[in-house]
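Notes follow once the structure below has been shown.
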Amino acid sequence: MQTTLSPESRTSLATPLPEKHAVKLTINGTVHHLELAPWTSLLDALREYLHLTGTKKGCDHGQCGACTVLVDGKRINSCLTLAVMKDGSDITTIEGLADESGLHPLQTAFIEHDAYQCGYCTPGQICSAVGLMQEGRAKTADDIRELMSGNICRCGAYPHIVDAIQEVMQLDPNA
Amino acid sequence: MNSFSYARPSDISMAVGELVTHEGAKFIAGGTNLLDLMKENVEQPNRLVDINRLELSAIEDIEDGGLRLGALLTNADTAYHPVVESRYPLLSRAILAGASAQLRNMATNGGNLFQRTRCYYFYDLATPCNKREPGSGCGALNGYNRIHAILGTSDQQPETTCIATHPSDLCVALSALDAVVRVTGPKGERTIPFADFHRLPGDEPWRDNTIQSGELVTAIDLPAKGFSDYYAYIKIRDRQSYAFALVSVAVGLEIEDNRITDARIALGGVAHKPWRKPEAEAMLVGQMLSEANFLSVAEALLAGAKGYGHNTFKIELAKRAIVRALKQAAKLEPAS
Numbered sequence: 001m002q003t004t005l006s007p008e009s010r011t012s013l014a015t016p017l018p019e020k021h022a023v024k025l026t027i028n029g030t031v032h033h034l035e036l037a038p039w040t041s042l043l044d045a046l047r048e049y050l051h052l053t054g055t056k057k058g059c060d061h062g063q064c065g066a067c068t069v070l071v072d073g074k075r076i077n078s079c080l081t082l083a084v085m086k087d088g089s090d091i092t093t094i095e096g097l098a099d100e101s102g103l104h105p106l107q108t109a110f111i112e113h114d115a116y117q118c119g120y121c122t123p124g125q126i127c128s129a130v131g132l133m134q135e136g137r138a139k140t141a142d143d144i145r146e147l148m149s150g151n152i153c154r155c156g157a158y159p160h161i162v163d164a165i166q167e168v169m170q171l172d173p174n175a
Numbered sequence: 001m002n003s004f005s006y007a008r009p010s011d012i013s014m015a016v017g018e019l020v021t022h023e024g025a026k027f028i029a030g031g032t033n034l035l036d037l038m039k040e041n042v043e044q045p046n047r048l049v050d051i052n053r054l055e056l057s058a059i060e061d062i063e064d065g066g067l068r069l070g071a072l073l074t075n076a077d078t079a080y081h082p083v084v085e086s087r088y089p090l091l092s093r094a095i096l097a098g099a100s101a102q103l104r105n106m107a108t109n110g111g112n113l114f115q116r117t118r119c120y121y122f123y124d125l126a127t128p129c130n131k132r133e134p135g136s137g138c139g140a141l142n143g144y145n146r147i148h149a150i151l152g153t154s155d156q157q158p159e160t161t162c163i164a165t166h167p168s169d170l171c172v173a174l175s176a177l178d179a180v181v182r183v184t185g186p187k188g189e190r191t192i193p194f195a196d197f198h199r200l201p202g203d204e205p206w207r208d209n210t211i212q213s214g215e216l217v218t219a220i221d222l223p224a225k226g227f228s229d230y231y232a233y234i235k236i237r238d239r240q241s242y243a244f245a246l247v248s249v250a251v252g253l254e255i256e257d258n259r260i261t262d263a264r265i266a267l268g269g270v271a272h273k274p275w276r277k278p279e280a281e282a283m284l285v286g287q288m289l290s291e292a293n294f295l296s297v298a299e300a301l302l303a304g305a306k307g308y309g310h311n312t313f314k315i316e317l318a319k320r321a322i323v324r325a326l327k328q329a330a331k332l333e334p335a336s
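From first to last, the protein sequence lines stand for chains A and B. If you're matching positions, the first sequence starts at 1 in full-length UniProt numbering and goes up one per residue. If you're matching positions, the second sequence starts at 1 in full-length UniProt numbering and goes up one per residue.
In structure tokens form, the structure reads like this:
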């Protein structure tokens, strides 16, 4: 039995695909020029085209926060934006937080506080916490919990995640 | 997700022109709801018109003491703007009660008005839904309807039945504040009072709002009266953060000598649009701040409320939430 279409019938059935778009993204300080179909999410551009697999695909619907990255300094869900919409943007992923001097203080604190179990949500948690600190709105542990609610940890490491962030923010742990 | 083409116009008339010339095209701003619905194949635009490069992100004072919020201003930048925080704290509170920090950094004010219902049957292509597929029926009416509407529903004709709710928090505050939506379309500019922007399902449940084809929301105008002294936003949900409202209540009061001189109450999570009832609000004017008065108004606001089984609890929940929100706004008890 023939299970694949002949080249002729394939051509006759195919509808022309929309053109690809040139997308320039500066990621962790490096400029990348990509040619992408318009439906490529920023998350898929990072993982599938640039092989930056630190950013995780959890739900792919903006409900879990595993895909959190910083775009022009602000934390967003990379699964719910198209790469082509971010043409010209400056993006920081988990791979861009450490430098020659070592890990980002939040990375160190997550290790010291054992702020994960399986680790799948951790890149998103840390990028989200970087955004939280830059926003400057959290003053208490309750604020951290509220403003980190977009990052789900299925292992339930929340108490240690809050501890780690609190330490880096130098908040009074009793506040 | 279906295949689609992409355009990124640089001015408003080009953006409107894109929708006029391409049937099946949609605007995209933050994309937080539209892209989710496209991944579920609920929305299948053949072209996305990216309006993010249009200059619609300003906040500016307008005549008569009001404030104009650009349509492309993000929810986060609106909620944390010092002028909004001081003059319209009800709006800030409502915005920050919704979504997550990441989503509020992406979602725009204009886009929020077009959020679609989170009714499970609207999302599930295997079930009937008059909103998604006109005339196909309603899966929620005799299904699992815990999150559904108790007011203003359409439940008499199978082909127009819809008991979906509007999911927004921001819109509940905009409703209470009597905001005005500014749009530009093929026929020019017009303004839409907030009460007329969203609609009840009626006999066309597939229409969420009164926007015309090709029209683009450019701004939302807030009148001068911001109720910054006496206000409350209460949101009751299944978890403490990052969940849609089962019931939400926005209240703004003006009080002189312990008597109410003006009152606004808008409800979320209970209807196809933010629920207002001016004649119920008028009952409070001239009244003392008392729980008995608040309870009478709550009952008037909920007159005609109807449950569908799983969501019947919302009637009593809404009544108690209204009383509590009024007490908090009047400073009879601390804000929660």
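Every residue gets a Cβ at the ideal spot worked out from N, C-alpha and C, and that includes glycine. Owing to the predicted nature of the structure, the values given are computational and were not obtained by experimental measurement.
Where the beta strand (DSSP E) containing residue i begins and where it ends
i: residue 110(A); result: Here residue 110(A) belongs to no beta strand (DSSP E); instead the alpha helix (DSSP H) covers 105-112.
i: residue 30(B); result: Element bounds for residue 30(B): n/a, residue is neither H nor E.
i: residue 68(B); result: 67-70
i: residue 77(A); result: 74-77
Residue range of the alpha helix (DSSP H) that includes residue i
i: residue 168(A); result: 158-169
i: residue 261(B); result: Element bounds for residue 261(B): not the alpha helix (DSSP H) but the beta strand (DSSP E), 259-268.
i: residue 175(B); result: 170-176
i: residue 134(B); result: Here residue 134(B) belongs to no alpha helix (DSSP H), and DSSP marks it neither H nor E.
i: residue 21(B); result: 12-21
Cα-Cα separation, residue i to residue j
i: residue 275(B); j: residue 50(A); result: 48 Å
i: residue 33(B); j: residue 256(B); result: 42 Å
i: residue 5(A); j: residue 46(B); result: With a pLDDT of 49 at residue 5(A), under the threshold of 50, the modelled position of that residue is not reliable, and the figure given next carries that caveat. Near 26 Å, if we compare the C-alpha coordinates of residue 46(B) and residue 5(A).
i: residue 92(B); j: residue 146(A); result: 15 Å
i: residue 119(A); j: residue 164(A); result: 15 Å
i: residue 98(A); j: residue 69(A); result: 14 Å
i: residue 153(A); j: residue 66(A); result: 9 Å
i: residue 247(B); j: residue 310(B); result: 14 Å
i: residue 251(B); j: residue 122(B); result: 30 Å
i: residue 29(A); j: residue 24(B); result: 38 Å
i: residue 194(B); j: residue 184(B); result: 16 Å
i: residue 141(A); j: residue 245(B); result: 24 Å
i: residue 238(B); j: residue 147(B); result: 10 Å
i: residue 198(B); j: residue 222(B); result: 17 Å
i: residue 117(A); j: residue 34(A); result: 35 Å
i: residue 127(A); j: residue 114(B); result: 29 Å
i: residue 335(B); j: residue 272(B); result: 27 Å
Candidates the options: closest to residue i by CA position
i: residue 186(B); options: 169(B), 216(B) and 249(B); result: 216(B)
i: residue 135(B); options: 335(B), 189(B) and 161(B); result: 161(B)
i: residue 180(B); options: 227(B), 62(B), 200(B) and 315(B); result: 62(B)
i: residue 20(A); options: 39(A), 80(A) and 133(A); result: 39(A)
i: residue 118(B); options: 253(B), 243(B) and 297(B); result: 243(B)
i: residue 77(A); options: 46(A), 103(A) and 34(A); result: 46(A)
i: residue 17(A); options: 17(B), 28(B), 4(B) and 19(B); result: 4(B)
i: residue 55(B); options: 175(B), 73(B), 40(B) and 124(B); result: 73(B)
i: residue 279(B); options: 321(B), 299(B), 272(B) and 84(B); result: 299(B)
i: residue 81(B); options: 60(B), 98(B) and 97(B); result: 60(B)
i: residue 130(B); options: 104(B), 202(B) and 109(B); result: 202(B)
i: residue 317(B); options: 37(B), 49(B), 236(B) and 169(B); result: 236(B)
i: residue 37(B); options: 101(B), 78(B) and 132(B); result: 132(B)
i: residue 107(B); options: 18(B), 286(B), 31(B) and 140(B); result: 31(B)
heavy atom of the ligand ADP below 7 Å from residue i C-beta
i: residue 123(A); result: As for the ligand ADP, it is missing from this structure, which has no ligand bound.
Under 8 Å from the C-beta of residue i: neighbouring residues of chain A
i: residue 72(B); result: Here the premise fails: no neighbours, minimum Cβ distance about 12 Å.
i: residue 6(B); result: 18, 21, 38, 82 and 84
i: residue 106(B); result: 76, 77, 80 and 81
Reduced DSSP category for residue i - H, G, I as helix; E, B as strand; rest coil
i: residue 133(A); result: helix
i: residue 232(B); result: strand
i: residue 331(B); result: coil
i: residue 78(B); result: helix
i: residue 26(B); result: strand
i: residue 121(B); result: helix
i: residue 3(B); result: coil
i: residue 87(B); result: helix
i: residue 3(A); result: Its pLDDT being 49, under 50, residue 3(A) is placed unreliably by the model, and the measurement read from it follows with that caveat. Of the three classes helix, strand and coil, the one that applies to residue 3(A) here is coil, per DSSP.
i: residue 22(A); result: strand
i: residue 99(A); result: strand
i: residue 366(B); result: Here chain B covers residues 1 to 336 and nothing more, so residue 366(B) does not appear.
i: residue 181(B); result: strand
i: residue 248(B); result: strand
i: residue 101(B); result: helix
i: residue 154(B); result: strand
i: residue 30(A); result: strand
Where residue i meets chain B, residues with beta-carbon distance less than 7 Å
i: residue 147(A); result: 101
i: residue 150(A); result: 100, 101, 102, 103 and 242
i: residue 62(A); result: 32, 36 and 103
i: residue 68(A); result: 102
Under 8 Å from the C-beta of residue i: neighbouring residues of chain B
i: residue 128(A); result: 101 and 102
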